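Protein chains in written order, with my numbering: chain A, 87 to 250; chain B, 11 to 171; chain C, 695 to 1067.
Every residue gets a Cβ at the ideal spot worked out from N, C-alpha and C, and that includes glycine.
None of the values given here were measured: they were computed from a predicted structure.
Take a look at the structure set out below.
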Amino acid sequence: MGYLEHKFEDNIIVTKLDKLLSWARSTSPWYFQFGLACCAIEMMAAAASRHDLERIGMMPRSSPRQADVMIVAGTVSIKMAERVKRLYDQMADPKYVIAMGSCATSGGPYWQHGYHVLKGVDLIIPVDVYIPGCPPRPESLIEGLIKLQEKIRGERPLTKEKDA
Amino acid sequence: MINEQVAQKLETQFPGAVIVQEEPVEDCIMLTSDQWQDVAKFLRDDPELKFDSLQCITGVDLGDENPMDVRYNLHSMSLLHKIEIRIPVKKDNPTIPSIEKIWRIGDWFEREVYDMYGIRFEGHRDLRRMLLPEDWEGWPLRKDYETPQTYHGMVVPKVKS
Amino acid sequence: MSIIRGEEMVLNIGPQHPSTHGVLRLKVKTDGEIVSEITPVIGYLHRCFEKHCENITYEQVIPYTDRCDYIAAMNNSFGYVIAIEEMMDIHVPERVEYIRVIMAELNRIASHLLALGTNGLDIGAFTPFLYMFRDREYILDLFETVCGARLLYNYMWVGGLSHDLPVGFVEAAYKFLDNFEPQIDEYNNLLMYNKIFVERTADVGVLPADVAINYGVSGPNLRGSGVKWDLRKNEPYSIYDRFEFDIPVGEGIMGSVGDCWDRYWVRIQEMRESVKIVRQALKQLPSEGDIHEAIPRKIRPPKGSIYKRTESPRGDLGYYIVSDGKPKPFRVKMRSPAFTAMSVLDEISRGWMLSDVLAILGSLDIVLGEIDR
């Protein structure tokens, strides 16, 4: 805390509960350690020494039950697609999905002749953030995660939804 | 030259096993499938040949009405020579003896060829689909394969928007 | 001694599991904690490489070869391009040969670093992983200055390379090697001679040499079993016959020959040898030469077929290419070393504890992209 330590009287912060909740959610979205293909190596690189995802509150979890964000890192094959769906269903709400790389976004280089490749993970689960690249650099992944944090921060989880 | 020597040796040992090519264009030995298991064992165990390492099994669909080929690349790690063996199989109901007991890696290679071409390896202990799901239809690497439209409700070809 | 048999249980590991190096599923039959049978179920990353090859031109195949083994992309495209070059009888300039070797060996170091790091991670050592990724990043930086990509390079072309070396690359490479060599000792102190690591890996998952050959296991896994076999020496391709280097083999220092520790040790030693090769190549690198000189205008290999194998970080990487004289390959088959290494898992992990299976799996250094293609 440094500068701020022992400097104040008793305090009250006035804010909306909504905002507090989404702020808390946005600063520690734990991601699901779940690599599929090439992009998983870049995801590991992003979590390892140089890029260090933990400084923006991202921590890898090995179980879907503990994770908030699923990073679909790599090509989703048709054999794997049912498992991806099941893993998504196992995650607790609120849950978010990042499609990392062009394969997860649209089938990538395998879009034309890939008889066993799902052409985009959004065909089976909803996606919040798409990250382009084949594979995206760790910096792009971090950019995508910050975008997701912005999205979470803008959410109002407690407010009644107005009729559209 | 190693091909010719091996072919001659096989011809004397197993009469009728080698298919004589009229114009040998490529460096390979053509065999018939009926004695293949014995030939394979001979290739591995003969002290002058000693093909102890099976490098690769490739299925090739030659298109149209031609028979399919199963191609074996054999190397000898002790004598440092290599040959290629080709065995043609019929396109309708393709079968070939399995050699997985001779070279154990043949087990997985054969399953892969079965998965891609539908060539049945007789005597294989566990011939199942390897890469594709068990209930997948068709043999993807055959030249006349058509990609299915859906699989378990998932759209397979690229959705045109 | 009589063995008491309990009830068998089938356990599923994967396809999502932090220690399976991707999307691999293992059906493990266990008797209590003892493994009695493992059935690997693969294909969760089958991306139809071979079908793609039949539908695209020869040069378009190169990016797909990169994506097969995404950890050692340089080595994979290296194998493919020299197969095509041999078919078309192309002789590339000296400078290209040297740059290729430098890139391939640097990528081998990067690949081994990742393999060793994740091997440690699998059995609970987190710190070496971070150290090894730190050094791997420096190699990726070098690649980035050369071709702009970090992981999948598309750098080797048939007859040449996509880019020439940038100014200052040689100095940067020397600097990296000087920094990197002492780091290897650091890894050794951190992990290799660590008591816990030795206990977990020595004498575990012994792979005898004859079994390894029969299963087609190659590369560091085969050398870990004490077989002195390296295609760079035994069947020299490109210009590997010009360099002096040793082939490290497993000697059973901590346990018996062919155990997990030996496979680990071989990889560590191989990094030293790769450093040696890169040093020699940098020293002999010709300063002149047009790297685009030998790139053919049209890539149409004559009718025929070829089986060409090279030594990738995981072992014998073979390409079987059939050409019918058209711009598209008739058939490309990739014989991947990880595929054969995977098939031996059942054989060597029977009778071990469940937790040892992951140590064995980590020591085999599999890449799922290459197994499933």
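Practice task
Compute the Euclidean distance between the alpha carbons of C/D1018 and B/D37, then round it to the nearest angstrom.
Solution key: Within the third sequence, numbered from 1, the residue matching residue 1018 of chain C stands at position 324. Within the second sequence, numbered from 1, the residue matching residue 37 of chain B stands at position 27. Approximately 16 Å between the Cα atoms of the pair.
Practice task
Taking 8 Å as the cut-off, decide whether the C-beta atoms of C/A777 and C/I1060 are in contact.
Solution key: As a first step, residue 777 of chain C must be located in the third sequence, where it is residue number 83. As a first step, residue 1060 of chain C must be located in the third sequence, where it is residue number 366. No, the Cβ-Cβ distance between C/A777 and C/I1060 is not below 8 Å.
Problem - C-alpha distance - C/V717 paired with A/F120, whole-angstrom precision - result: Residue 717 of chain C sits at position 23 when you count from the first residue of the third sequence. Residue 120 of chain A sits at position 34 when you count from the first residue of the first sequence. Approximately 9 Å, taken between the alpha carbons.
Problem - A/I210: contacting residues in chain B (beta-carbon distance under 8 Å) - result: Within the first sequence, numbered from 1, the residue matching residue 210 of chain A stands at position 124. Residues of chain B passing the Cβ test: M164.
Practice task
Report the partner residues of C/W923 according to the DSSP bridge assignment.
Solution key: Stepping through the third sequence from its first residue, residue 923 of chain C is reached at position 229. The partner list for C/W923 (beta bridge, DSSP) is empty, contrary to what the question assumes.
Problem - Same chain only: Cβ atoms within 8 Å of B/S63, ignoring 5 sequence neighbours per side - result: Residue mapping note: residue 63 of chain B aligns to position 53 of the second sequence, counting from 1. Cβ neighbours of B/S63 beyond the five flanking positions: L84, H85, S86, M87 and W113.
Problem - Rounded separation between C/I993 and B/G69 - CA only - result: By one-based count along the third sequence, residue 993 of chain C stands at place 299. By one-based count along the second sequence, residue 69 of chain B stands at place 59. Using only the alpha carbons, I get a separation of about 24 Å.
Practice task
Would you tell me roughly how many angstroms separate the C-alpha atoms of A/D208 and A/V158, rounded to the nearest one?
Solution key: As a first step, residue 208 of chain A must be located in the first sequence, where it is residue number 122. As a first step, residue 158 of chain A must be located in the first sequence, where it is residue number 72. Rounded to the nearest angstrom, the two C-alpha atoms are 10 Å apart.
Problem - 8 Å Cβ cutoff, C/L1052 in contact with chain A - result: In the third sequence, residue 1052 of chain C corresponds to position 358, counting from 1. Cβ-Cβ to chain A under 8 Å: no for C/L1052.
Problem - Ordered list of beta strand (DSSP E) runs contained in the stretch 781-864 of chain C, each at least 3 residues - result: Fully contained in the stretch 781-864 of chain C is no beta strand (DSSP E) run of length 3 or more.
Problem - Any C-beta of chain B under 8 Å from that of A/A123 - result: On the first sequence, residue 123 of chain A is found 37 positions in, with the first residue counted as 1. Chain B contact via Cβ: absent.
Exercise for the section: Compare the C-beta of B/S171 against all C-beta atoms of chain C and say whether one is closer than 8 Å. Expected result: The residue you call residue 171 of chain B lines up with position 161 of the second sequence. At B/S171, the pLDDT of 47 sits below 50, so the modelled position is not reliable; the number obtained from the coordinates is stated separately. For B/S171, the answer is no, since every Cβ of chain C falls outside 8 Å of its Cβ.
Problem - Local Cβ density within 10 Å of C/L807, reported as buried at 16 or more and exposed below that - result: To locate residue 807 of chain C, count along the third sequence from 1; it is residue 113. That one is buried.
Problem - Buried versus exposed, by CB contacts within 10 Å (16 or more), C/Y934 - result: Working through the third sequence from its first residue, we reach residue 934 of chain C at position 240. Buried, by the Cβ-count rule.
Problem - Segment limits, beta strand (DSSP E) that includes A/A185 - result: Numbered from 1 along the first sequence, position 99 holds the residue referred to as residue 185 of chain A. It spans Y182 to M186 - the beta strand (DSSP E) in which A/A185 sits, taken as one unbroken run.
Practice task
Report yes if the C-beta distance between B/P104 and B/I67 is below 8 Å; otherwise report no.
Solution key: On the second sequence, position 94 is the one that residue 104 of chain B refers to. On the second sequence, position 57 is the one that residue 67 of chain B refers to. It is not a contact, given that the beta carbons lie outside the stated cut-off.
Practice task
Kindly say whether B/Y161, judged by its beta-carbon, lies nearer than 8 Å to any beta-carbon of chain A.
Solution key: Residue 161 of chain B sits at position 151 when you count from the first residue of the second sequence. Yes, because at least one Cβ of chain A sits closer than 8 Å to the Cβ of B/Y161.
Problem - Within the stretch 695-735 of chain C, ranges of the alpha helix (DSSP H) (whole runs, at least 4 residues) - result: Complete alpha helix (DSSP H) runs here, min 4: none at all.
Handout entry: Residues of its chain near C/L846, where Cβ-Cβ distance is below 8 Å and the 5 sequence neighbours each way are ignored
Key = Within the third sequence, the letter at position 152 stands for residue 846 of chain C. So the qualifying residues of the chain are P757, D760, R761, Y764 and A767.
Handout entry: Own chain partners of B/K92 with C-beta closer than 6 Å, once the 5 adjacent residues on each side are dropped
Key = Residue numbering aside, residue 92 of chain B sits at position 82 when the second sequence is read from its first letter. Result list for B/K92: H85, in chain order.
Practice task
Return yes when the Cβ of C/M781 is within less than 8 Å of the Cβ of C/G998, no when it is not.
Solution key: Against the third sequence, residue 998 of chain C aligns to sequence position 304. Against the third sequence, residue 781 of chain C aligns to sequence position 87. In contact: C/G998 and C/M781 (Cβ atoms closer than 8 Å).
Handout entry: Residue closest to C/G862, alpha-carbon to alpha-carbon, out of C/V852, C/L836 and C/L884
Key = Here residue 862 of chain C refers to the residue found at position 168 of the third sequence. It is C/L836.
Practice task
Check each candidate in C/K745, C/L800, C/C841 and C/G811 and name the one with the smallest Cα separation from C/R828.
Solution key: Stepping through the third sequence from its first residue, residue 828 of chain C is reached at position 134. Nearest of C/K745, C/L800, C/C841 and C/G811 to C/R828, Cα basis: C/G811.
Practice task
Counting only the same chain and skipping the five closest in sequence on each side, list residues whose C-beta sits under 8 Å from that of A/E225.
Solution key: Position 139 of the first sequence, counting from 1, holds the residue named residue 225 of chain A. H137.
Problem - Backbone secondary structure at B/S171 - three-state DSSP - result: Position 161 of the second sequence, counted from the start, is the residue given in the question as residue 171 of chain B. Caution is warranted here: a pLDDT of 47 is assigned to B/S171, below 50, making its placement in the model unreliable, and no coordinate value can be reported.
Problem - Distance, A/K105 Cα to A/L244 Cα - result: Within the first sequence, the letter at position 158 stands for residue 244 of chain A. Within the first sequence, the letter at position 19 stands for residue 105 of chain A. Take the alpha-carbon of A/L244 and the one of A/K105: they are about 9 Å apart.
Problem - Residue range of the beta strand (DSSP E) that includes B/L84 - result: Position 74 of the second sequence holds residue 84 of chain B. Going by DSSP, B/L84 is part of the beta strand (DSSP E) stretching over M78 to H85.
Handout entry: Span separating the alpha-carbon of C/L871 from that of C/I803
Key = As a first step, residue 871 of chain C is located in the third sequence; it is residue number 177 there, counting from the start. As a first step, residue 803 of chain C is located in the third sequence; it is residue number 109 there, counting from the start. One alpha carbon belongs to C/L871, the other to C/I803, and they sit about 11 Å apart.
Exercise for the section: Mind listing the chain C neighbours of A/G200? Cutoff is C-beta to C-beta under 8 Å, in chain order. Expected result: Reading the first sequence from its first residue, position 114 is the one you call residue 200 of chain A. Going along chain C in sequence order, the residues near A/G200 (Cβ under 8 Å) are R741, C742, K745 and H746.
Practice task
Just the C-alpha distance for C/K723 and B/R139, rounded to the nearest angstrom, thanks.
Solution key: Position 29 of the third sequence, counted from the start, is the residue given in the question as residue 723 of chain C. Position 129 of the second sequence, counted from the start, is the residue given in the question as residue 139 of chain B. Computed Cα separation, rounded: 20 Å.
Practice task
Examine chain B for any beta-carbon lying closer than 8 Å to the beta-carbon of C/G998, and answer yes or no.
Solution key: Your numbering for residue 998 of chain C matches position 304 in the third sequence. Judged by the 8 Å Cβ criterion, C/G998 is in contact with chain B.
Problem - Inter-residue Cα distance where the pair is C/I985 and C/F772 - result: For the purposes of this step, residue 985 of chain C is taken as the residue at position 291 of the third sequence. For the purposes of this step, residue 772 of chain C is taken as the residue at position 78 of the third sequence. One C-alpha to the other measures close to 15 Å.
Practice task
Run the CB neighbour count on B/A17, radius 10 Å, all protein chains shown included, and call it buried at 16 or more, exposed below.
Solution key: Position 7 of the second sequence, counting from 1, holds the residue named residue 17 of chain B. Flag for B/A17 reads buried.
Exercise for the section: Check the Cβ of C/D1066 against every Cβ in chain B and list those closer than 7 Å, keeping chain order. Expected result: Along the third sequence, read from residue 1 onward, the residue named residue 1066 of chain C stands at position 372. L141, listed in chain order.
Problem - Buried or exposed by the 16-neighbour rule on C-beta atoms within 10 Å, applied to C/N813 - result: Counting from 1 along the third sequence, the entry for residue 813 of chain C is found at position 119. Counting other Cβ atoms within 10 Å of its Cβ, C/N813 reaches 16 or more and is therefore classed as buried.
Handout entry: Same chain, Cβ closer than 8 Å to B/W118, neighbours up to 5 away in sequence not counted
Key = Working through the second sequence from its first residue, we reach residue 118 of chain B at position 108. Result list for B/W118: M140, in chain order.
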